[in-house]
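Engineer: Protein chains in written order, with our numbering: chain A, 2 to 184; chain B, 6 to 202.
Ideal Cβ positions, reconstructed from N, Cα and C, are used throughout, including at glycine.
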Amino acid sequence: MTKTEVISDSTFYICFLDDIDYLEGLKKIINSGKFKFVIGPVVENEIGKSPNYHFIKPDLSKVREKPLPFNYGEIVRPFLGISEIKKGEHEVIGIAIVYHLKGKDFILILDEDGPRRIIEKKLSGIKSKMTGTVGFIGRCHYQYHIYTKEEAIDILERIRNSKFRVQSHIINRILDEIERCGP
Amino acid sequence: MAWDDLTPEERELLIEQYLILLIGIVDTPVPTNLHLHKEFFILRNVAPDLSEVIKFEKHMYGPYSPDLNEALKNPVYYPDAFEFYIKDLPLVKRMIVDISLTPKGKAAFRELLKEYSHAEPFKEFLAIAKAIRLMYDPLDVEELLLLIYSTFKEWTKYSSIYRSLMAPARRKHLAYELYKKGIISKSKYQELLEATL
């Protein structure tokens, strides 16, 4: 079975590792056999700062795809702010653009408003591949069948009550989608 | 082959080939010579090995490569591969504009694809080159220079127009236009508003 490549910023991993402290939820996605995770060096460095990273590193390394040794983020560095660059948002967008131009199928998980706006306004070809962490969690239930309905709802509620930055109406929308999709 | 081992002739050949690839990867011409140099500058930041082949200097318009200039104007290995026009622009007089490949240049581009496209790094390089063209070609000269200058300040040392471009009214107007068009993030927009010379 072809595995879908997931290109994500560090926010997605940090959400599970630190914000909601629910490593099993992340491990289920990693070990589902449905994805390969494309992680560049800047994002890896960011995730590596989590004290919990070592719990998932062995599993993640089995399904991780290292991009070729180019500094992909440099493609878009002038378009982003320093704080976004420190977090590796430029790297994620750069990899996504190159993968898109190569005709690869992938999911782009981006949570930061700034980079998302650039994709929506200037990179419309990638827009349809983009989702946020909570959107991806919803899909892990109704599209990829990794989480049961109850698990997905539980994770979203954990996120709502955590320091993870997401507006409540977005969580509500994903909860509605999960409800509409049945058990 | 290590880049350090290249003879001057091999370097010249490579530069001309890179030039053909960057120009040929998109059907439309590179808008100006400034775009060409800045796009190559970005390309060498993406692929650091390139800096061993194409040298950049701090120039009156920021990062600039004499190697590229020579290859574009006087190609040795691919004569008559490139075409362009000279035009006076508001910010720059006698600027090389509309840089494209001639039919001979396009044939050379196809040959290079045929020779190397089995190699994954080459395909990746082409996608990167295309990404850079698609991101930077649509910028006008002022937008391009503002983004390059604000990101790579150390390369503006000899820039003759850095101060005028970074003057508050002009900088803020350009920053707003870039943000409104969705080219830069809000965080970058804020940085441009708060930038100091």
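(1) Does the Cβ-Cβ distance between Val51 (chain B) and Phe80 (chain A) come in under 8 Å?
(2) Relative to the C-alpha of Asn53 (chain A), which candidate in A:Ile8, A:Lys28, A:Gly126 and A:Pro116 has its C-alpha closest?
(3) Would you grab the beta carbon distance between Gly110 (chain B) and Ala86 (chain B) for me? Rounded to a whole angstrom, and I think it's under 8 Å.
(4) For Met140 (chain B) and chain A, any beta-carbon pair shorter than 8 Å?
(5) For Lys193 (chain B), does the three-state DSSP call read helix, strand or coil?
(6) Pick from B:Gly187, B:Ile30 and B:Met65: whose alpha carbon is nearest that of Glu129 (chain B)?
(7) Tell me the rounded alpha-carbon separation between Leu19 (chain B) and Ala134 (chain B).
(8) Can you check whether the C-beta of Ala260 (chain B) is within less than 8 Å of a C-beta belonging to chain A?
(9) Taking its Cβ as the centre, do 16 or more other Cβ atoms sit within 10 Å of Ala174 (chain B), making it buried, or is it exposed?
(10) Would you kindly work out how many angstroms separate the C-alpha atoms of Arg78 (chain A) and Lys186 (chain B), rounded to a whole number?
(11) Can you confirm whether Gly89 (chain A), when its beta carbon is compared against all beta carbons of chain B, has any partner nearer than 8 Å?
(12) May I ask whether a heavy atom of the ligand ATP can be found less than 7 Å away from the beta carbon of Thr107 (chain B)?
(13) Consider the Cβ of Ala200 (chain B): report whether some Cβ of chain A lies at a distance smaller than 8 Å.
(14) If the cut-off is 7 Å on Cβ atoms, which residues from the stretch 67-93 of chain A count as contacting chain B, listed in chain order?
(15) Please report the straight-line C-alpha distance between Ile30 (chain A) and Phe13 (chain A), rounded to a whole angstrom.
(16) Say whether chain B places a C-beta atom closer than 8 Å to the C-beta of Lys150 (chain A).
(17) Could you compute how far the alpha carbon of Cys182 (chain A) sits from the alpha carbon of Ile40 (chain A)?
(18) Mind checking who Val102 (chain B) pairs with in its DSSP beta bridge?
(19) Measure from the alpha carbon of Leu18 (chain A) to the alpha carbon of each residue in A:Ile156, A:Ile171, A:Asn173 and A:Ser169, then state which is nearest.
(20) With DSSP run on the structure shown, which of helix, strand or coil describes Ile21 (chain A)?
(21) Measure the CB-CB distance between Gly82 (chain A) and Gly115 (chain A) and report whether it falls below 8 Å.
(22) When the Cα of Asp72 (chain B) is compared with those of B:Thr161, B:Phe46 and B:Leu179, which residue comes out closest?
(23) Closer than 8 Å, Cβ to any Cβ of chain A: which residues of the stretch 39-53 of chain B, in chain order?
(24) Return helix, strand or coil for Phe80 (chain A), following the three-state DSSP convention.
(25) Give me the chain E residues within the contact set of Leu152 (chain B), using Cβ-Cβ distance strictly less than 8 Å, ordered along the chain.
(26) Check Phe61 (chain B) in the structure and name its three-state DSSP category.
(27) Who does Tyr69 (chain B) pair with in a DSSP beta bridge?
(28) Quick one: does Ser105 (chain B) have its CB under 8 Å from some CB of chain A?
(29) Can you list the residues of chain A that Lys191 (chain B) reaches, using a CB-CB cut of under 9 Å?
Structural biologist: Reading off the structure:
(1) Counting from one through the second sequence, the residue named residue 51 (chain B) turns up at place 46. Counting from one through the first sequence, the residue named residue 80 (chain A) turns up at place 79. Contact flag unset, no.
(2) Numbered from 1 along the first sequence, position 52 holds the residue referred to as residue 53 (chain A). Answer by Cα proximity: A:Lys28.
(3) The residue labelled residue 110 (chain B) in the question sits at position 105 within the second sequence. The residue labelled residue 86 (chain B) in the question sits at position 81 within the second sequence. Correct: roughly 4 Å between the Cβ atoms.
(4) As a first step, residue 140 (chain B) must be located in the second sequence, where it is residue number 135. Met140 (chain B) counts as touching chain A.
(5) Your numbering for residue 193 (chain B) matches position 188 in the second sequence. Three-state result, Lys193 (chain B): helix.
(6) To locate residue 129 (chain B), count along the second sequence from 1; it is residue 124. Per the Cα distances, B:Ile30.
(7) Indexing the second sequence from 1 puts residue 19 (chain B) at position 14. Indexing the second sequence from 1 puts residue 134 (chain B) at position 129. Taking the straight line joining both Cα atoms gives about 15 Å.
(8) Chain B is shown only over 6 to 202; residue 260 (chain B) falls outside these bounds and no answer can be derived.
(9) The count along the second sequence starts at 1 and reaches residue 174 (chain B) at position 169. So Ala174 (chain B) ends up on the exposed side.
(10) Locating residue 78 (chain A) in the first sequence gives position 77, counting from the first residue. Locating residue 186 (chain B) in the second sequence gives position 181, counting from the first residue. If you take the alpha carbons of Arg78 (chain A) and Lys186 (chain B), they lie about 17 Å apart.
(11) Along the first sequence, read from residue 1 onward, the residue named residue 89 (chain A) stands at position 88. It does not; no Cβ of chain B falls within 8 Å.
(12) This structure lacks the ligand ATP, and indeed carries no ligand of any kind.
(13) As a position in the second sequence, residue 200 (chain B) is number 195, starting the count at 1. No - not a single Cβ of chain A is within 8 Å of the one on Ala200 (chain B).
(14) Going along the stretch 67-93 of chain A in chain order, one finds Leu69, Phe71, Asn72, Tyr73, Glu75, Ile76, Val77, Arg78, Pro79, Phe80, Leu81, Gly82, Ile83, Ser84 and Glu85 with a Cβ nearer than 7 Å to chain B.
(15) Residue mapping note: residue 30 (chain A) aligns to position 29 of the first sequence, counting from 1. Residue mapping note: residue 13 (chain A) aligns to position 12 of the first sequence, counting from 1. The straight-line gap from Cα to Cα measures roughly 12 Å.
(16) Working through the first sequence from its first residue, we reach residue 150 (chain A) at position 149. No, no contact with chain B.
(17) In the first sequence, residue 182 (chain A) corresponds to position 181, counting from 1. In the first sequence, residue 40 (chain A) corresponds to position 39, counting from 1. Between Cys182 (chain A) and Ile40 (chain A), the C-alpha separation is close to 31 Å.
(18) Here residue 102 (chain B) refers to the residue found at position 97 when the second sequence is read from its first residue. Looking at the DSSP output, Val102 (chain B) bridges to B:Thr37 and B:Tyr90.
(19) Taking the first residue of the first sequence as position 1, residue 18 (chain A) is located at position 17. Comparing Cα positions, the closest option is A:Ile156.
(20) Counting from 1 along the first sequence, the entry for residue 21 (chain A) is found at position 20. In this structure, DSSP gives Ile21 (chain A) a state outside helix and strand, which the three-state scheme calls coil.
(21) Counted from its first residue, the first sequence places residue 82 (chain A) at position 81. Counted from its first residue, the first sequence places residue 115 (chain A) at position 114. Taking 8 Å as the Cβ cut-off, Gly82 (chain A) and Gly115 (chain A) qualify as a contacting pair.
(22) By one-based count along the second sequence, residue 72 (chain B) stands at place 67. For Asp72 (chain B), the nearest C-alpha among the options comes from B:Phe46.
(23) Ile47, Asn50, Val51, Ala52 and Pro53
(24) The sequence position of residue 80 (chain A) within the first sequence is 79, counting from 1. In the structure shown, the three-state DSSP call for Phe80 (chain A) is helix.
(25) No chain E appears in the structure shown, which is made up of the protein chains A and B.
(26) Here residue 61 (chain B) is taken as the residue at index 56 of the second sequence, counted from 1. Coil, per DSSP.
(27) Residue 69 (chain B) sits at position 64 when you count from the first residue of the second sequence. According to DSSP, Tyr69 (chain B) bridges with B:Glu62.
(28) Taking the first residue of the second sequence as position 1, residue 105 (chain B) is located at position 100. So, not an interface residue.
(29) On the second sequence, position 186 is the one that residue 191 (chain B) refers to. Within chain A, the residues near Lys191 (chain B) are Gly82, Asp114, Gly115 and Arg118.
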